[in-house]
Amino acid sequence: MTATVSPTVRLTVAQAVVRFLAQQWTERDGQRQKLFAGCFGIFGHGNVAGIGQALLQGELGDDSPGHDQHLPYVLARNEQAMVHTAVGYARQKDRLQTWACTASVGPGSTNMLTGAALATINRIPVLLLPSGTFATRVSGPVLQELEQPYAADVTVNDAFRPLSAFFDRVNRPEQLPSALLAAMRVLTDPAATGAVTIALPQDVQAEAFDWPVELFADRVWRVARPLPEAVDVADAAALVRSAARPFVVAGGGVHYSGAEDALRAFCEATGVPVGETQAGKGSLPHAHPQLMGAVGSTGTTASNALAAEADLVIGIGTRWSDFTTASRTAFQDKGVRFVNINVARFDAGKQAGLPVVADAREALTALTDALDGYAVDPAHRERQAALWRAWDEQVSAAYDPPAEVTSALAPGLLTQAEVLGVVNEQTDPRDVVLCAAGSMPGDLHKLWRVRDRKGYHVEYGYSCMGYEVPASIGIRLADPTRDVFAMVGDGGYLMMPTELVTAVQERVKVVVVLVQNHGFHSIGSLSESLGSQRFGTRYRYRDVRSGRLEGGPLPVDLAANARSLGAHVIEVHSRAELEQAVKEAKAAPADGGPVVIHVETDPTVHSPDSDSWWDVPVSAESELASTQEAYAAYVQHKARQRPLVGPAVGPAVDPLVGSEEG
Ligand SMILES: Cc1ncc(C[n+]2csc(CCOP(=O)(O)OP(=O)(O)O)c2C)c(N)n1
Ligand SMILES: [Mg+2]
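Just so you know, the sequence shown maps onto residues 39 to 700 in this note's numbering.
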């Protein structure tokens with residue numbers, strides 16, 4: 039017998055990484071797409087030679103019409119930002135496609151840490167390739183090497199471990215195939231996905247090796263739709279049938295699974311109303327009779343009234359953040375139980391709920407079937423309609439404030455809700471609104487009328503200032519048929535305006551609505567409510583006499599800043615000018631690069647809300663009367679917090695007396 043030798047190809051580790059990534063596909067519902075649209079990067083020592091050379095070789099060697107034999111390279115301006123861009127892209131693609139991100143040794147790599155945390159918390163797949171110092175250590179300590187006296191093998195890249203859904207470091211070429219395969223498994227696993235990190239020491243990247251040719255064959259990763267267990271569906275259906283006031287909380291999992299139609303069918307058949315988390319907003323279109331809008335701390339009066347009285351809550355694809363539960367005060371029925379439909383067992387087990395571990399679309403379809411013939415009381419539907427009408431009227435009034443509000447504004451200023459209203463009404467239903475931090479995410483959650491399943495993108499897992507501009511580029515790259523409107527506060531803008539330059543370079547049309555209010559409206563209000571008197575939250579000169587940050591406004595011109603970075607800037611000073619600016623932005627050329635609309639708002643006009651709560655601890659001891667008063671209010675709110683640990687299945691236990699009901 040002659041031994042068969044499998045053919046090999048000689049490549050560097052970096053060339054092997056690039057060639058492998060270019061051959062990965064995902065498949066769901068019979069549709070195939072490339073897993074990686076390309077690679078974002080900023081070069082320095084660590085990746086300029088290894089990964090950089092491999093990307094160049096791919097780009098120069100590729101003459102195929104679709105450019106799909108290599109990874110297209112896009113130069114970003116900040117490593118944190120390029121991860122945000124990749125996240126924006128992957129979320130818009132329902133997690134079926136993403137980007138790789140390459141960074142240089144040291145600060146280039148650690149700049150990606152915030153992006154890694156954001157991706158993992160939001161369960162969004164991104165591949166991070168931080169570069170490392172020498173595996174051989176012969177030339178060490180290298181420029182930018184951490185060099186810890188207590189452990190010679192620790193590098194700054196170890197900081198990615200707690201932030202990543204999967205981490206590996208390739209110190210030998212032989213380790214690469216298993217690292218790559220494990221990385222793809224995690225990226226394409228809907229329950230495990232997040233930031234996936236493969237640290238690549240700079241000498242290893244450039245090292246040559248004979249790889250089995252089959253490593254680079256096209257590889258398809260089927261994104262699973264796990265089916266629910268029949269007993270779980272039966273138990274969930276029994277819980278719904280026994281409930282008088284069931285309520286759905288729709289999370290991001292509804293979108294990622296493409297379960298919107300299944301949710302609509304469930305709601306229409308049963309009459310169960312729906313509250314939405316930030317990631318789940320748009321699960322039902324605006325004006326659907328069962329849509330009660332945002333739930334939780336930034337919720338609508340309609341959703342929060344129904345949440346408070348619900349005796350059964352069905353969470354779908356939600357991780358139950360404190361904003362969703364109003365820090366465990368949203369659900370006040372003493373026997374409330376939870377059913378959690380979630381592809382991740384980790385999230386399905388929260389609130390001591392009945393875990394239905396499954397794809398959201400599959401589980402909803404099975405539950406709708408199991409509930410055949412069931413519907414809520416007609417009076418419950420009427421109550422939903424009345425609650426929604428009352429809230430929606432408040433939204434209309436906030437979108438178009440009455441003269442007594444507008445006449446009190448200083449000339450040239452608008453209210454924030456008015457800005458959101460104008461953008462909502464002047465954009466197309468398919469356009470995407472985007473935000474992450476400040477006071478706008480809460481207002482958008484409550485007020486924005488979503489008309490398309492992919493029309494709303496607020497990153498509120500990490501709520502990271504600076505996400506907006508880079509993520510808007512990712513969304514636009516993912517779907518050039520939609521205009522993207524990034525709503526950015528002045529604080530958020532100042533954190534990461536730099537990617538406007540990347541948008542210019544790539545001729546990517548994004549519209550940034552820069553809402554200038556000279557500081558942190560959000561944290562200012564929070565500070566005031568906690569007794570801290572807006573301390574340190576306004577952008578002001580330090581006053582020479584008091585030594586405090588309470589002098590005049592700073593002579594900062596963010597419109598000029600955006601212009602200097604290459605954006606087309608429109609400055610507006612009235613509602614009519616804003617309407618015109620949105621029209622102009624929409625009419626701007628599709629490949630004309632970024633448009634920035636600069637608008638000033640009055641941060642003292644608040645949007646309507648539902649008197650919900652968010653738990654932020656107040657100083658228990660203070661010399662300030664404002665803090666003492668806030669602490670007294672805090673203690674009262676704390677008393678409304680519920681443990682939410684009652685078992686979902688079995689007789690209800692009255693937590694107040696500990697006796698069984700009925
Ligand atoms: C990177 C980062 N740092 C700090 C915070 C805490 N934070 C949340 S909102 C906010 C202020 C945002 O200011 P701006 O963007 O102007 O929005 P506004 O509050 O004025 O609406 C801060 C500092 C954060 N979310 N992200
Ligand atoms: Mg601000």
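The C-beta atom is built at its ideal place from N, Cα and C for all residues, glycine as well.
Beta-carbon to beta-carbon, VAL551 and VAL526 are separated by about 7 Å, close enough to satisfy the 8 Å threshold. Short note on ALA475: C-beta closer than 8 Å to some heavy atom of ligand 1.
If the five residues before and after SER510 are omitted, its C-beta is found closer than 6 Å to the C-beta atoms of LEU472, VAL522, ALA524, VAL548, all from its own chain and listed in chain order. For LYS72, the enclosing beta strand (DSSP E) stretches over residues 69-72. Judged by beta-carbon spacing, LEU452 lies within the 9 Å limit of LEU616, meaning their Cβ atoms are closer than that value.
With fewer than 16 other Cβ atoms from the protein chains shown falling within 10 Å of its own Cβ, TYR579 counts as exposed. With a contact defined as Cβ atoms closer than 8 Å, ASP481 and ALA455 qualify at about 6 Å. Between VAL258 and TRP137, the CB-CB gap reaches or exceeds 9 Å. Within the same chain, GLY569, GLN571 come within 6 Å of SER664 by CB-CB distance, once the 5 residues on both sides are set aside. A direct Cα-to-Cα measurement between ARG366 and MET534 gives close to 33 Å.
Annotation: the stretch 468-549 contains the following complete segments of the beta strand (DSSP E) (minimum length 3 residues), in chain order: 470-473, 494-496, 522-527. Note that the C-beta distance between ALA307 and TYR412 is below 9 Å. Taking 8 Å as the cut-off, the C-beta of HIS675 does not count as close to any heavy atom of ligand 1. Bounds of the beta strand (DSSP E) holding ALA141 are 136-141. By the C-beta criterion, the stretch 276-285 is judged not to be in contact with the stretch 124-134, since fewer than 3 inter-stretch pairs fall below 8 Å. Using a cutoff of 8 Å, the CB of MET533 counts as near ligand 1, since one of the ligand's heavy atoms is closer than that. In the structure shown, HIS293 adopts helical secondary structure according to DSSP, grouped into three states. The shortest C-alpha to C-alpha distance from GLY96 to any of ALA128, HIS83, GLY391, ALA60 is the one to ALA60.
Counted as a single uninterrupted DSSP element, the beta strand (DSSP E) harbouring MET330 occupies residues 329-332. Within the chosen limit of 8 Å, ligand 1 reaches the beta carbon of VAL526 through at least one heavy atom. Between the alpha carbons of GLY450 and GLU566 lies a gap of roughly 26 Å. DSSP, reduced to helix, strand and coil, places PHE198 within a helical segment of the structure shown. Counting along the chain, PHE58 sits inside the alpha helix (DSSP H) bounded by residues 51-60. The secondary-structure analysis by DSSP pairs HIS606 across a beta bridge with VAL633. In this structure, ASP273 is the residue among ASP273, TRP652, ALA626 with its C-alpha nearest to the C-alpha of ALA401. With contacts defined by Cβ atoms closer than 9 Å, ALA368 and VAL414 do not form a contacting pair.
In this chain, VAL192 is not harboured by any alpha helix (DSSP H), its DSSP state being neither H nor E. Annotation: the continuous beta strand (DSSP E) that includes SER169 extends over 164-170.
A residue is called buried once 16 or more other Cβ atoms fall within 10 Å of its Cβ, and GLN370, having fewer, is exposed.
Cβ-Cβ separation between ILE80 and GLU117: approximately 6 Å, consistent with a contact (criterion under 8 Å).
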